[in-house]
Amino acid sequence: MKTPAAVSASASNSRRAFLKQALLAGVAPLIVPGRVLGRDGGVAPSNRLALGGIGIGPRGKMVLETMLAEKDVHYRATCDVQARLRTEWLGRAEQLYGKGACTAYRDFRELLARPDLDAVLIATGDRWHAVASMYAARAGKDVYCEKPCGITIGLCQSLSDTMRQTGRVFQAGTQRRNVPNFQFAVHLARSGKLGRLHTLHASIYKLQVLHDWLPAEPEPDPEVIDWNMWLGPAPWRPYNKAYVVDRRWRGYYDFDSGAKLHDWGAHTVDLCQWAGDCDDTVPTDYEPDGDTIRARYANGLRLVLRPNRWIGQPETAPNAANFAVGSTGTCPVRFEGDEGWVETGDNGTIELHPASLRQEWRAFVMRGTDPSRHTREFLDCVKSRGLPAANHRVMRHTHIACHAAAIAWQLGRKVKFDPVAEAFIGDEAANRMRTRAVREPWIA
Amino acid sequence: MRTFIFLFSAASLLAAGDAAKTRELLAQLKADAPLAERARACQQLAIVGTPEAVPALAALLGEAQLGHYAREALEAMAEPAADAALREGLARLQGTQLIGVINSLGARGDAAAVPVLGRIAGGADASSAIAALHALARIGTPEAVAFVRGRLGDNPAAAGALLVAADRLLGRGRAAEAVKLFDEVRGGQAGGQAALTATRGAILARGEAGVPLLMETLRSPDPARRNVALLAMRELPGAGVTAALVAELERMSPALQPLVLAALVDRGGAGVLAAVERRAQAGDEDAVTSLGRIGGTSSVPLLLGALGQSEAAPRSLALIPGPEVDALILKALTATDAAGRTRLIAILGDRGATSATSELLRLARDRDQAVSGAARRALAATAQPDDLPELIRLSVTAADDTLRTLADRAIFAASMKILEPEKRVDPLLEALRTASLPSQRVPLFRPLGAVVRSLRGSESALAAVKEATRDGDPAVREAAVKCLGDWPEASAALELLALAKKEAEPIRSTALAGAVRLATEVAAGRDQTPLDSLSLLTQANALVANDGERMMLVSALGHVRRIEALRLLEAYRAIEAVKTEAALALVQIAPPLLHGVHAVETKHALEKIAATEQDAGVRARAAELLRTGAATKKASGKKKK
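Chains as they are written, first to last, in the working numbering: chain A, 1 to 444; chain B, 445 to 1085.
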């Protein structure tokens, strides 16, 4: 369902004008001054944001630690289907705040039932992101959710609608929106420094969909690993510890998002959408071409999703089967206009033409994938009720664009998409792939 | 159990309504097929299946492991037969499988299921009743909504479900009906998030008429309700809304004002800027900060007036766009004291105000050291390549090294703005060529070296610096040799060795150190210049004059895995000051030599170290090499220590 017309303010209109100036001056945008938000040190325990964590594995750890470093955060509840991770995060919280300061849960619904929690970090596998986020919003919690935020178009729509209806703050874990070298590249694209923008390039993994079941193994004691809860809204299949312990669920149709396209696409397509001023829409045409998907927006702007041919990327790199690593590092994006281009990635290197564009660079000193500014922005918005950079509408359109591209690739044919109806045009198979029933008893 | 990997690639597999494919998949659904295959068949039927598959899928709905897979297929099919099969499931399924079927009917918006769902919503089983309420809300027909309203008093889930229905009405433009539902939930017993969602919806659905409710909510002592208002303030459209909120701002509690101000700034619109400026004028620091986001030329005088008292004012001045702002700040420079000028200059630098460059160049020569330094800092941001001659003059005539360093940074920044990389050294080389006095040439080598390093070398600069090493003035020669010693590629090494042979101190030692550094880069593989590092280091070996230089050479030899290097190191084992370093370097280069024609000589050298070296770590490493022919990790860490 689409956003009601009465409240269909642009996802980032007011932010973007400010951001442009903030970027020019090398000043991090603040929604409300830190003093007002109570994060300038000396925050009384009662004024700290009470945070809960759901499914905090290796990726969640990176994000959560940036939140724990903030003086106005208190980690009060942790939840995981694995006893090992419950113990680990309980210990970490005790190390920070003392014994009894944090409680561990196996079922996230118990955590969400606590009235004292302000916000949750959801860092489970993809299969859980949307459903757990919606349960959290309905329980009155603000949500920072790791990407990809929903494994189907339908789940992304429901998630966005739920966040809008409940008025909860939502930040998708697409932190490159708050990393300066990417912001700089977007600034060049949006400010007209590249001339008329004609093509956006987003790096993606080499696409793949797996349907096999790993050999069945005896189910462990649910107190140690709760397999049914691990599966959650995903289809049932027999237990194998590799899914859980080794996190070998990536690429599986039942667990991953869109043929692995979202692994990077959620970041890189997101940056392209932003660069092209397309935060409130998605491309209308998608055509697979081997490992590449060529898409086009209604205004003619092209979006190319590809795993290779990035600057400095060896043609026969050992990891060529998975993802691109060029001279700008992982997760590269490239924006091209008729007067110049820019390409950048996670190592912070910026390749551009003409060289005079480098004059635009001022104090974009942070680089890489550090999510600390992204998490800080989320925490500020929890207090101010402002709109964070990767809000639910931004997430919705970025993720739908990724899903539509992945569906075109899976179908092996060109598809057309209506950005308003959020449906494929004249293609029933593609439309059927927009949604998948979630497993009972979960309600999406 | 059979496992399989299916890579989507064949378009023929995935055309909806494919009868032949449906029959093929139905054959895979038979009970004797492996479970994974049956599950996969359901998932493919979800994409391609025809109504022919419905009976077989319906039969699986009650199965513990495949029920959800079958439902996935039925939920996806557009045909009414799928609705009928799911409705039939309402009558015969229980527990979670019943909930699943309820969810699917809700997702499909099946109006025909409403009466049965209504009964389930009022039934005794709490879980299926909650699912039914949600499904009814998604179906959203008047009859469905009536069932949900009927449960408002006795099932807390009904409030949430009714809000979904209300939101859908609002989305379809039926605001008046939506208001009724939102108000019904607000007026009921619902608490928690449902009450908050209802309040937000009730404000937004009313449009501009929602302002009184917005204000009432904003004044609530409950922070959760107040937060709803702060959000709704950003969402509710209309100039009248903005005007009402601006008018209310001054009457709000001091605790609330900054948050409302932030929301207004997010909202934007007529009247907001004036309100923010009024508060900034009154000394509200948050308002001063906000001017950085929405301020304009009108904000500049008050921000200029706040400099010195407000921490936020400089940043806001840096953020407000427009050349007219630059002009106002420049004008203010003339009407303030040195401390004020220093602040304004920094702001011009933060703004990258190129129009200020000529004034900054003038101020860079100000008698006040702080003003002069600030101007030089700002020039690094504003100066352009055309300004380089004047920047170079600033460096050459600087009163002290602090000011010269700041000028050099500006020279570097402006040089890097030259579009063609090969021309970035030209202004400095031109200055070098035309400078008549040694004191004018000496300062040029430091910024020149910085530019050359950023370019990874420059032929024209190398020639000029080499020529300067033959200058008649020793200070110029020393500066040139120092620049050459830091050259980014090793081709300068031979020149440096020649200088080390003929020059007196301190140029001799500077040249030698530079040559050894460049040879080390080649030996370590970090520089690909086609030079023989052993030959370079052998020549350097003949020039070393003290223990410091010996240590430097021994360290460099530790990168050259050749027998000649080993022999040189053997000789250094006799010198007390460097013998342990020499032993370590020898151990470092020994492994490949142990397996060639020099194995006996290398082994002998290692045996001496293993027997006599004082450092236990190095001794152990030599012994380990003799035993295995390979170095231990632990010993290899010793050098770093």
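By construction, the Cβ of each residue, glycine as well, lies at the ideal position given by its N, Cα and C atoms.
In this text, all values refer to a predicted model and were calculated from it rather than measured experimentally.
query: Do you know how far the Cα of residue 948 of chain B is from the Cα of residue 907 of chain B?; result: 22 Å
query: Just checking residue 94 of chain A against the ligand SAM - is the residue's beta carbon closer than 8 Å to any of the ligand's heavy atoms?; result: Absence of the ligand SAM from the depicted structure is noted, as is the absence of any ligand whatsoever, leaving it without description.
query: Could you check where the alpha helix (DSSP H) with residue 540 of chain B kicks off and where it finishes?; result: 539-552
query: Give a yes or no on contact between the stretch 412-426 of chain A and the stretch 487-504 of chain B, applying the rule of three or more CB pairs nearer than 8 Å.; result: no
query: On a CA-only basis, which of A/82, A/63 and A/387 is nearest residue 75 of chain A? Give me that one, please.; result: A/63
query: Let me confirm a value: residue 518 of chain B is counted as buried when at least 16 other C-beta atoms fall within 10 Å, else exposed. Which label applies?; result: buried
query: Run through the DSSP bridge pairs and tell me what residue 446 of chain A is partnered with.; result: Only positions 1 to 444 of chain A appear in the structure, and residue 446 of chain A is not among them; the question remains open.
query: If you measure from the beta carbon of residue 463 of chain B to each beta carbon in chain A, is any gap under 9 Å?; result: no
query: Taking only the alpha-carbon atoms, compute the straight-line gap between residue 381 of chain A and residue 677 of chain B and give it to the nearest angstrom.; result: 14 Å
query: Quick one: is residue 1089 of chain B near chain A, going by C-beta distance under 9 Å?; result: This structure does not reach residue 1089 of chain B, given that chain B is present from 445 up to 1085, and the question cannot be answered.
query: Go through the stretch 890-977 of chain B residue by residue and report every complete run of the alpha helix (DSSP H) that reaches 4 residues or more, in order.; result: 903-912, 918-929, 937-946 and 951-967
query: Using a Cβ-Cβ cut-off of 7 Å (strictly less than) and excluding sequence neighbours within five positions of residue 1070 of chain B, which residues of its own chain qualify?; result: 1047, 1050, 1051 and 1054
query: If you scan the stretch 974-1033 of chain B from start to end, which runs of the alpha helix (DSSP H) of 4 or more residues do you find wholly inside it?; result: 977-985, 991-1001 and 1007-1016
query: Would residue 213 of chain A pass as an interface residue toward chain B - the criterion being a Cβ-Cβ separation below 9 Å?; result: yes
query: For the structure I just gave you, are there three or more beta carbon pairs, one from the stretch 178-192 of chain A and one from the stretch 64-71 of chain A, closer than 8 Å?; result: no
query: Say whether the stretch 576-584 of chain B touches the stretch 599-614 of chain B, bearing in mind that this needs 3 or more beta-carbon pairs closer than 8 Å, one atom from each stretch.; result: yes
query: Give the straight-line distance between the Cα atoms of residue 229 of chain A and residue 237 of chain A, rounded to the nearest whole angstrom.; result: 12 Å
query: Residues of the stretch 625-653 of chain B in Cβ contact with chain A at a cutoff of 7 Å, in chain order, please.; result: 636, 637, 640, 641, 644, 648 and 651
query: Can residue 1003 of chain B and residue 973 of chain B be called in contact, C-beta distance under 9 Å?; result: no
query: Select from the stretch 683-716 of chain B all residues with a C-beta closer than 9 Å to any C-beta belonging to chain A, and list them in chain order.; result: 702, 703, 705, 706, 707, 709, 710, 711 and 712
query: Look at the alpha carbon of residue 699 of chain B and the alpha carbon of residue 131 of chain A, and state the distance between them as a whole number of angstroms.; result: 36 Å
query: Note down the Cα distance separating residue 909 of chain B from residue 928 of chain B, rounded to an integer number of angstroms.; result: 7 Å
query: Going along chain A, which residues have a C-beta under 7 Å from residue 607 of chain B?; result: 165
query: Taking the beta carbon of residue 741 of chain B as the centre, do at least 16 other beta carbons fall within 10 Å, making it buried, or is it exposed?; result: exposed
query: Of all the options A/248, A/135 and A/337, which has the alpha carbon lying nearest to the alpha carbon of residue 189 of chain A?; result: A/337
query: Determine the burial state of residue 873 of chain B: buried for a count of at least 16 other Cβ atoms within 10 Å of its Cβ, exposed for fewer.; result: buried
query: Nearest CA to the CA of residue 129 of chain A: which residue from A/144, A/139, A/209 and A/116?; result: A/144
query: For residue 685 of chain B and residue 655 of chain B, which I take to be in contact (beta-carbon distance under 8 Å), what is that distance rounded to the nearest angstrom?; result: 6 Å
query: Which residues, in order along the stretch 554-581 of chain B, keep a beta-carbon less than 7 Å from a beta-carbon of chain A?; result: 571, 575 and 578
query: On a CA-only basis, which of B/570, B/650, B/709 and B/746 is nearest residue 613 of chain B? Give me that one, please.; result: B/650
query: What span of residues does the beta strand (DSSP E) with residue 417 of chain A cover, start to end?; result: 415-418
query: At what residues does the beta strand (DSSP E) containing residue 149 of chain A begin and finish?; result: Looking at the DSSP string, residue 149 of chain A is not in any beta strand (DSSP E), and its letter there is neither H nor E.
query: Is residue 486 of chain B helix, strand or coil by DSSP?; result: helix
query: Counting only the same chain and skipping the five closest in sequence on each side, list residues whose C-beta sits under 8 Å from that of residue 683 of chain B.; result: 713 and 714
query: Using the three-state DSSP reduction, which class does residue 288 of chain A fall into: helix, strand or coil?; result: strand
query: Using the Cα positions of residue 521 of chain B and residue 160 of chain A, report the straight-line distance between them to the nearest angstrom.; result: 24 Å
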